[in-house]
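In the order they appear, the protein sequences are chains A and B.
So the first sequence is numbered by the working numbering: it starts at 98 and just counts up by one.
So the second sequence is numbered by the working numbering: it starts at 309 and just counts up by one.
Ideal Cβ placement from N, Cα and C applies to all residues, glycine included.
Just so we're clear, the structure is a prediction, and the values are computed from it rather than from any experiment.
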Amino acid sequence: MIPLSLTLVAIPDPVWTRLPRDRPLAELAKDARGAMRRVGKQVDERRDTARFTRLAAFIEATALDLLRLSREPTAPPCPNLTGEPLEGMRALEWLDITGGPPNASIYVSLLEYLSSAGASFPPPPSDPGMNDGSRADGGQVEGNTIHPPGEAVRRQRTLAEHLVGSLSDPALAKLPPLMGRALPLILSDRLTFFRAAEADGSAVVEVLSQMSG
Amino acid sequence: MSSDVARFPIFLDYKRRYAVGSSRPLAATKDSWLPVYFATRDGSVLGAWVCRTLRDCCEIALFLAEDHHRYVRGTAIRRSLQGILTQVYHQTGSMEIRFKGPGPGQASSLETGFEPVVPSQLRKLAGELGVGLSQPDRISDNEGRLLYLRLTGFSRSVVTSCAQRGIDLLRASVLVHRDIWSMGQVEYLLEHAARPERIFDGGASPLDRLAYQHDLLVMRVAVLEERLRIILDRFSGAPPGFRVAADWLSATEIRYTSSEVLHVPVREGETILLDPASPLRARLLPRTLQGYLAFAEADYAAHRVAGGPVTVVTKDIARTPLAGPEADTRLLPVFDTLAEIDAEIVRRLDQAKNCRSEISERHE
Chain A
98 MIPLSLTLVA
108 IPDPVWTRLP
118 RDRPLAELAK
128 DARGAMRRVG
138 KQVDERRDTA
148 RFTRLAAFIE
158 ATALDLLRLS
168 REPTAPPCPN
178 LTGEPLEGMR
188 ALEWLDITGG
198 PPNASIYVSL
208 LEYLSSAGAS
218 FPPPPSDPGM
228 NDGSRADGGQ
238 VEGNTIHPPG
248 EAVRRQRTLA
258 EHLVGSLSDP
268 ALAKLPPLMG
278 RALPLILSDR
288 LTFFRAAEAD
298 GSAVVEVLSQ
308 MSG
Chain B
309 MSSDVARFPI
319 FLDYKRRYAV
329 GSSRPLAATK
339 DSWLPVYFAT
349 RDGSVLGAWV
359 CRTLRDCCEI
369 ALFLAEDHHR
379 YVRGTAIRRS
389 LQGILTQVYH
399 QTGSMEIRFK
409 GPGPGQASSL
419 ETGFEPVVPS
429 QLRKLAGELG
439 VGLSQPDRIS
449 DNEGRLLYLR
459 LTGFSRSVVT
469 SCAQRGIDLL
479 RASVLVHRDI
489 WSMGQVEYLL
499 EHAARPERIF
509 DGGASPLDRL
519 AYQHDLLVMR
529 VAVLEERLRI
539 ILDRFSGAPP
549 GFRVAADWLS
559 ATEIRYTSSE
569 VLHVPVREGE
579 TILLDPASPL
589 RARLLPRTLQ
599 GYLAFAEADY
609 AAHRVAGGPV
619 TVVTKDIART
629 PLAGPEADTR
639 LLPVFDTLAE
649 IDAEIVRRLD
659 QAKNCRSEIS
669 ERHE
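This is the structure in structure tokens:
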């Protein structure tokens with residue numbers, strides 16, 4: 098397995114809605130969500146899938162850029178990404194959480210395990226207010242990496258709470274031992290991060306990368 | 309035994325009569341034949357056949373294969389059979405081949421065909437591969453599948469891994485013969501991808517972004533290694549046809565060994581030596597521009613280890629301070645950006661999904 102790192106970047110609302118200057122992340126996320134919805138309608142699935150992929154990749158790359166700029170005040174100026182204070186940027190990086198090989202693929206594997214376990218694992222509680230045609234369970238929510246402030250972050254927090262509460266579920270008991278030991282740590286980290294993001298109205302972008310070394 | 313070269317004018321007759329541009333264009337009627345030939349880059353025709361696809365099999369009216377002294381003996385017959393089996397599998401889902409010749413009392417003609425029985429050289433090849441052909445005039449679906457697998461020649465570890473993961477070996481063979489993934493890449497993906505079966509079936513849905521990225525990261529390393537190999541094979545002074553040997557040390561590190569002295573180009577005027585005494589260890593690190601900047605500190609710490617491997621990066625590195633004039637020669641950029649590598653991966657996943665394409669589809 099390739100050693101992976103998963104970086105959760107919390108982006109404060111003023112940054113989310115104003116940067117990059119030419120088209121803010123909030124607008125790009127709406128575009129991505131629109132493309133995702135249109136894929137479901139299968140009108141021009143290929144074009145909309147490519148559009149979603151490009152948008153998601155750009156949002157993730159911009160989130161990394163913003164995080165870097167917030168950490169390195171002396172970094173060369175980037176006109177499209179400056180003008181808003183970046184103090185509120187926070188990140189959670191899963192590198193060495195298991196004591197074993199530093200690898201963030203445990204969370205990704207968990208999501209894949211859950212989607213393959215499907216019927217035997219209870220889906221997260223669906224949101225009665227959501228009426229935009231997207232599914233409340235399955236990969237679209239679990240595998241999504243872009244969570245705008247508000248509803249999407251709340252849904253991720255709910256999902257993390259649900260998973261923490263289900264650690265004794267027989268479906269999770271079947272996980273490999275290393276994964277099983279790491280899960281409580283991963284899920285409680287994630288829950289704490291999303292609770293904080295929900296409290297301060299931040300967006301969260303998840304970036305999966307290859308680890309250095 | 310007469311040479312197939314002597315029968316080549318018959319193929320040209322088929323081409324004049326049935327190929328595009330002829331008076332009876334391709335597929336105008338159900339009786340049309342499709343002339344196909346297999347040639348090398350220098351234009352030497354090694355194999356030629358005339359076929360038509362029915363609902364569940366392929367009929368062959370003429371089959372010619374002739375080795376050339378400049379190529380490995382047996383290449384012509386093996387590659388021609390691979391081509392026919394790949395084509396018929398794509399078009400029908402079956403690997404049955406029927407050979408067409410004149411009936412009793414008939415003379416051979418373009419309509420009746422020239423191959424009443426399985427050609428002797430094909431029968432001989434099947435025997436060499438340990439596949440007995442049960443009927444005189446056809447290769448059955450099961451025999452075709454077995455021949456296809458034997459022609460591919462996967463290693464025992466691949467066969468075992470496929471069996472453990474429930475992956476159809478034939479599917480993996482088709483990916484290799486269609487040049488979607490090379491044999492080495494199939495082995496790499498089987499060993500290092502979280503869900504290789506999903507990659508072989510066309511990958512995760514891009515909407516399931518985390519799973520998609522999970523697949524993409526491992527495929528990026530595989531394609532980056534392929535790009536590096538192009539540099540090693542074509543731009544480092546290797547003799548024509550020479551290939552360096554490689555073995556993976558981990559999911560992201562590979563070691564190349566060469567019996568020839570090669571000078572691997574790094575930048576303008578700078579090379580890395582690869583010779584029998586000094587193998588080349590390379591760490592593959594495909595990232596976007598933003599990725600290289602965001603992880604620069606950790607990447608550099610790993611790169612700076614004394615005696616460590618060369619770090620192979622994408623062209624995106626050129627726009628970062630890491631590739632400045634003071635950059636060391638152990639940073640080896642390939643010619644592609646990550647966006648180009650990703651586009652190539654998407655194209656291959658699309659090809660893996662649909663089966664309507666022709667024999668070889670690799671862009672070069």
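With its beta carbon at least 8 angstroms from every one in chain A, THR394 of chain B lies outside the interface.
For the region 511-530 of chain B, the residues whose beta carbon sits under 7 angstroms from a beta carbon of chain A are, in order, SER513, PRO514, LEU515, ASP516, ARG517, LEU518, ALA519, GLN521, HIS522, LEU525, VAL526 and VAL529. Taking the Cβ atoms as the reference, ALA631 of chain B lies roughly 7 angstroms from PRO641 of chain B, within the contact range of under 8 angstroms. Between the alpha carbons of GLY298 of chain A and LEU288 of chain A lies a gap of roughly 15 angstroms. Under DSSP, ASP583 of chain B takes part in a beta bridge, and its partners are B:SER586. In the structure shown, the three-state DSSP call for SER167 of chain A is helix. For the pair GLN429 of chain B and ILE385 of chain B, the CB atoms are nearer than the 8 angstroms cut-off. Under the Cβ criterion of 8 angstroms, GLY492 of chain B is not counted among the residues facing chain A. Under the rule that a run must span 4 or more residues, the alpha helix (DSSP H) segments found entirely inside the region 105-164 of chain A read 110-115 and 122-138. Neighbours of ILE99 of chain A across chain B, judged by C-beta separation under 7 angstroms: HIS500, LEU525, VAL526, VAL529, ALA559 and THR560.
The CB of ASP607 of chain B comes closer than 7 angstroms to the CB of SER309 in chain A, given here in chain order. The alpha carbon of GLY615 of chain B has as its nearest neighbour, out of B:TYR456, B:LYS323, B:ARG638 and B:VAL494, the alpha carbon of B:ARG638. DSSP, read as helix, strand or coil, puts CYS470 of chain B in helix. Boundaries of the beta strand (DSSP E) around GLN307 of chain A: 300-307. In the structure shown, PRO427 of chain B adopts coil according to DSSP, grouped into three states. Against chain B, a Cβ distance below 7 angstroms from ASN241 of chain A picks out ARG517. For ALA172 of chain A, there is no enclosing beta strand (DSSP E), as DSSP marks it with neither H nor E.
Those residues of the region 578-608 of chain B placed with their C-beta closer than 9 angstroms to a C-beta in chain A are ARG591, LEU592, LEU593, PRO594, ARG595, THR596, LEU597, GLN598, GLY599, LEU601, ALA602, PHE603, ALA604, GLU605, ALA606, ASP607 and TYR608, ordered along the chain. Taken in chain order, the members of the region 613-640 of chain B whose beta-carbon sits within less than 9 angstroms of a beta-carbon on chain A are VAL613 and PRO629. Remark: C-beta atoms of VAL353 of chain B and TRP341 of chain B do not approach each other more closely than 8 angstroms. For GLY452 of chain B, the enclosing alpha helix (DSSP H) has its first and last residue at 449-460. DSSP, reduced to helix, strand and coil, places ALA647 of chain B within a helical segment of the structure shown. In this chain, the alpha helix (DSSP H) harbouring ALA530 of chain B covers 517-542. By the CB criterion at 8 angstroms, LEU557 of chain B and VAL620 of chain B fall outside the cutoff. Per the DSSP secondary-structure output, PHE407 of chain B pairs in a beta bridge with B:ILE368. Only residues of its own chain outside the window of five on either side were considered, and among them THR104, LEU105, VAL106, ALA107 and LEU164 have a CB closer than 8 angstroms to the CB of ALA188 of chain A, listed in chain order.
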